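S.K.: In UniProt numbering, the protein residues as written are 1 to 678. Once you've had a glance at the structure underneath, I'll fire off some questions.
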């Protein structure tokens, strides 16, 4: 399969890393051991060191490193294929991605197991070629295991960095479904313990080699002193064993040491060598251990800086590179970013909704503000109109009160008029009775005249004398006629006044005063009629007296009755005329009486209407007072409405100001959210 040149290839890096780390670890331990032994025996063979390093690196490092690299490549092949498909945007099976995640999660354990296996093989080979000593066996085993653990971690950290770009293709943003790795604190404890054991065992191993060399030298010296060996035998044994162990020429080995020469170095350089060896291992160990965590923390720090600066792509989450506490922290931050993204989306949507609502409310408030101005103006106009109506109502109330007082006055005048009409009616009735009495007297006079005609035939002279008396009676009769005419005129005027009174009463307004005047005139006419009736009565009495005198004269002048017969007849005619006039006057009086009766009926009707009007006036007065109270309430309500509308207007202005502030805040919020990609 032809690889894409842009794909982050890592397989060769894995093999090289395995070879380099294993070879370096074996070379480092071999170098320190050989230097220690060489320094202890006073022999440092540079050629031998070089050959030993090449031998250890090529024989014991290259082959195991290559084998481990090949095995790791085989182990990482599903991970490689999955990431390659992702890189080329090919479809994945359901379990491919999960399998790739499990592979890189278990990579650390696989590397440690394989390295321990390789180091144990090397340990077993060395154990076979060396004599078995229990203490040395335990120390060497622990030293081998700690060395394998330390360099396995270094190898894993370097390989982990080699597959970093390929691992990022998996886009791992959550560890909910992923297997957890060993917690950092536990891993650190194990690593620090391993490092401590490695350092301690390294020093113990160095001390053991120093002690072994010194003990071997002292043992030979002790045997020489005891005589078990001769000096030559001891020298020969020491040179052969040391030359074989150090793989050097026998000629450069001296036994015993010449302490007068600087042929034997001190122990200090040995510990200095181990110090720098351990320092280098510790630095590499710590650096590679923190490198990957630092990479992930840098990603987190960069993302948090973007957010803290108010910008950043919230759609891109932080990739999880390892499944430890840092991975959990990354997972938590990704969840936080997801929640923050949803929250900011909601805030953005709410901001848009608030902005739209603010615009709608602002437009409504503008309309409401205009409406409130119109309402305030209308309320002011209404208040002014209400005040005008109240003034008109007060004026109308005053006018109605005056009208009610006028109606009361009319009612009183009607009562007075009724009293006057009743009095007039009584006077007219009395006058009618007098006229009837005069009429009867006239009829009696007519009878007497008829008798007088009969008597006149008996005496002429008495008749002549009676003529004079009759003339005087005629004169009085003329006066009576005039009086009757006056009565007739009075009756006519009374009738006219009664009609006027009826008309004025029908109006029942200010003209009621005119009705009172008419009633006064009726009264006056009644008095005139009464006076005239009295005069008629007086004249009639005088006439009766004169007639009686004439009768006496007629009796005294019986003879003269014949002479005055014609005059008596004429007098009889005059009496008939007077009787007729009195009949006409009686008829006129009856007509006046009928008119007065009608006037009384009309007055009674007017009185009833006036009483009804008075009762209605009470209701009207109550209604007017209620109307005044209503207008006062309307005025108070208009004032309260005006104040309330002004308060609403002020509230609308304040609400408009708040809406504008909200709009500015929403715009600021949108500007802040523009820095984020949601």
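By construction, the Cβ of each residue, glycine as well, lies at the ideal position given by its N, Cα and C atoms. Computed from a predicted model, the values in this text were never measured in an experiment.
1) Buried or exposed, going by whether 16 or more other CB atoms sit within 10 Å of the CB of residue 147?
2) Between which two residues does the alpha helix (DSSP H) holding residue 171 run?
3) Would the beta-carbon of residue 340 be found less than 7 Å away from any heavy atom of the ligand PLP?
4) Should residue 143 be flagged as near chain D, meaning a C-beta pair shorter than 8 Å?
5) So, is residue 644 buried or exposed, given that buried needs 16 or more other C-beta atoms within 10 angstroms?
6) Using 8 Å as the threshold, is the stretch 82-93 in touch with the stretch 14-27, meaning 3 or more CB pairs across them?
7) Taking the alpha helix (DSSP H) that residue 73 belongs to, which residues open and close that run?
8) Contact defined as beta carbons within less than 8 Å: I believe residue 15 pairs with residue 66. What is the distance between those atoms, to the nearest angstrom?
9) Hey, quick one: how far does the alpha helix (DSSP H) through residue 91 stretch, first residue to last?
10) Consult DSSP for residue 7 and reduce its assignment to one of helix, strand or coil.
11) Going by other Cβ atoms of all chains shown within 10 Å of its Cβ, with 16 needed for buried, is residue 351 buried or exposed?
12) Our contact map puts residue 635 next to residue 375 with C-beta atoms below 8 Å; I'd like the distance itself, whole angstroms only.
13) Pull up the CB-CB distance for residue 116 and residue 145, whole angstroms please, since I reckon it's below 8 Å.
14) By the 10 Å Cβ neighbour count, where 16 or more other Cβ atoms means buried, how is residue 69 classified, buried or exposed?
15) Given a cut-off of 8 Å on the beta-carbon distance, is the pair residue 165 and residue 8 in contact?
16) Anyone know if the C-beta pair for residue 285 and residue 220 falls short of 8 Å?
17) Which of the three DSSP states is assigned to residue 193 in this structure?
18) Identify the continuous alpha helix (DSSP H) that holds residue 98 and give its terminal residues.
19) Using the three-state DSSP reduction, which class does residue 368 fall into: helix, strand or coil?
20) Less than 8 Å between the beta carbons of residue 197 and residue 141, yes or no?
21) Nearest CA to the CA of residue 646: which residue from 373, 661, 664?
22) Count the other C-beta atoms from every protein chain shown that fall within 10 angstroms of the C-beta of residue 193, then say buried if there are 16 or more, exposed otherwise.
23) Cα-Cα, which of 356, 138, 97, 440 is closest to residue 77?
24) DSSP three-state call for residue 229: helix, strand or coil?
25) Rounded to a whole number of angstroms, what is the C-alpha to C-alpha distance between residue 342 and residue 348?
26) Return yes when the Cβ of residue 79 is within less than 8 Å of the Cβ of residue 103, no when it is not.
27) Grouping DSSP H, G and I as helix and E and B as strand, with all else coil, what is residue 163?
28) Out of 138, 291, 235, which one is the CA nearest neighbour of residue 204?
29) Identify whether residue 204 lies in helix, strand or coil by the three-state DSSP scheme.
30) To the nearest angstrom, how far is it from the Cα of residue 433 to the Cα of residue 426?
31) Compute the Euclidean distance between the alpha carbons of residue 10 and residue 320, then round it to the nearest angstrom.
M.R.: The structure says:
1) Here residue 147 is taken as the residue at index 147 of the chain shown, counted from 1. The residue is buried, with at least 16 neighbouring Cβ atoms inside 10 Å.
2) Along the chain shown, read from residue 1 onward, the residue named residue 171 stands at position 171. Residue 171 -> no alpha helix (DSSP H), and no H or E assigned at all.
3) The ligand PLP is not among the ligands present in this structure, which contains no ligands whatsoever.
4) In the displayed structure, chain D is absent; only one protein chain is listed.
5) Along the chain shown, one-based indexing puts residue 644 at 644. Its Cβ having fewer than 16 others within 10 Å, residue 644 is exposed.
6) no
7) Within the chain shown, numbered from 1, the residue matching residue 73 stands at position 73. Here the alpha helix (DSSP H) through residue 73 covers 63-87.
8) On the chain shown, position 15 is the one that residue 15 refers to. On the chain shown, position 66 is the one that residue 66 refers to. Contact flag correct, Cβ pair sits at about 7 Å.
9) The sequence position of residue 91 within the chain shown is 91, counting from 1. No alpha helix (DSSP H) holds residue 91; DSSP gives it neither H nor E.
10) The residue given as residue 7 occupies position 7 in the chain shown. Note: residue 7 maps to coil in three-state DSSP.
11) Residue mapping note: residue 351 aligns to position 351 of the chain shown, counting from 1. The residue in question, residue 351, is buried, as its Cβ has 16 or more Cβ neighbours within 10 Å.
12) On the chain shown, position 635 is the one that residue 635 refers to. On the chain shown, position 375 is the one that residue 375 refers to. The Cβ separation is near 17 Å, so there is no contact.
13) The count along the chain shown starts at 1 and reaches residue 116 at position 116. The count along the chain shown starts at 1 and reaches residue 145 at position 145. Approximately 7 Å separates the beta-carbon atoms of residue 116 and residue 145; this is inside 8 Å, confirming the contact.
14) Mapped onto the chain shown, residue 69 falls at position 69. Burial call: buried.
15) Indexing the chain shown from 1 puts residue 165 at position 165. Indexing the chain shown from 1 puts residue 8 at position 8. Their beta carbons are under 8 Å apart, which means residue 165 touches residue 8 by this criterion.
16) Within the chain shown, the letter at position 285 stands for residue 285. Within the chain shown, the letter at position 220 stands for residue 220. Going by C-beta atoms, residue 285 is not nearer than 8 Å to residue 220.
17) For this step, residue 193 is matched to residue 193 along the chain shown. Here residue 193 sits in helix by DSSP.
18) Sequence index remark: in the chain shown, residue 98 carries index 98 (1-based). Its alpha helix (DSSP H) spans residues 96-105.
19) Residue numbering aside, residue 368 sits at position 368 when the chain shown is read from its first letter. If DSSP states are grouped into helix, strand and coil, residue 368 belongs with the helices.
20) Translated into positions along the chain shown, residue 197 becomes position 197. Translated into positions along the chain shown, residue 141 becomes position 141. No, these two residues do not count as a Cβ contact at 8 Å.
21) Taking the chain shown and counting its residues from 1, one reaches residue 646 at position 646. When each option's Cα is compared against that of residue 646, the closest is 373.
22) Counting from 1 along the chain shown, the entry for residue 193 is found at position 193. With fewer than 16 Cβ atoms within 10 Å of its Cβ, residue 193 is classed as exposed.
23) For this step, residue 77 is matched to residue 77 along the chain shown. Comparing Cα-Cα distances from residue 77 to each of 356, 138, 97, 440, the minimum goes to 97.
24) In the chain shown, the residue the question calls residue 229 occupies position 229. Looking at residue 229 - three-state DSSP - the assignment turns out to be coil, as it is neither helix nor strand.
25) On the chain shown, residue 342 is found 342 positions in, with the first residue counted as 1. On the chain shown, residue 348 is found 348 positions in, with the first residue counted as 1. If I take the Cα positions, the gap works out to 10 Å.
26) What you label residue 103 is simply residue 103 of the chain shown in a count that begins at 1. What you label residue 79 is simply residue 79 of the chain shown in a count that begins at 1. Yes.
27) As a working note, residue 163 is residue 163 in the chain shown. Reduced to three states, the DSSP call for residue 163 is coil.
28) Taking the chain shown and counting its residues from 1, one reaches residue 204 at position 204. Comparing Cα-Cα distances from residue 204 to each of 138, 291, 235, the minimum goes to 138.
29) Indexing the chain shown from 1 puts residue 204 at position 204. The answer is helix: DSSP assigns residue 204 an H, G or I state.
30) As a first step, residue 433 is located in the chain shown; it is residue number 433 there, counting from the start. As a first step, residue 426 is located in the chain shown; it is residue number 426 there, counting from the start. Their Cα atoms are separated by approximately 11 Å.
31) Residue 10 sits at position 10 when you count from the first residue of the chain shown. Residue 320 sits at position 320 when you count from the first residue of the chain shown. For residue 10 and residue 320, the distance between alpha carbons rounds to 19 Å.
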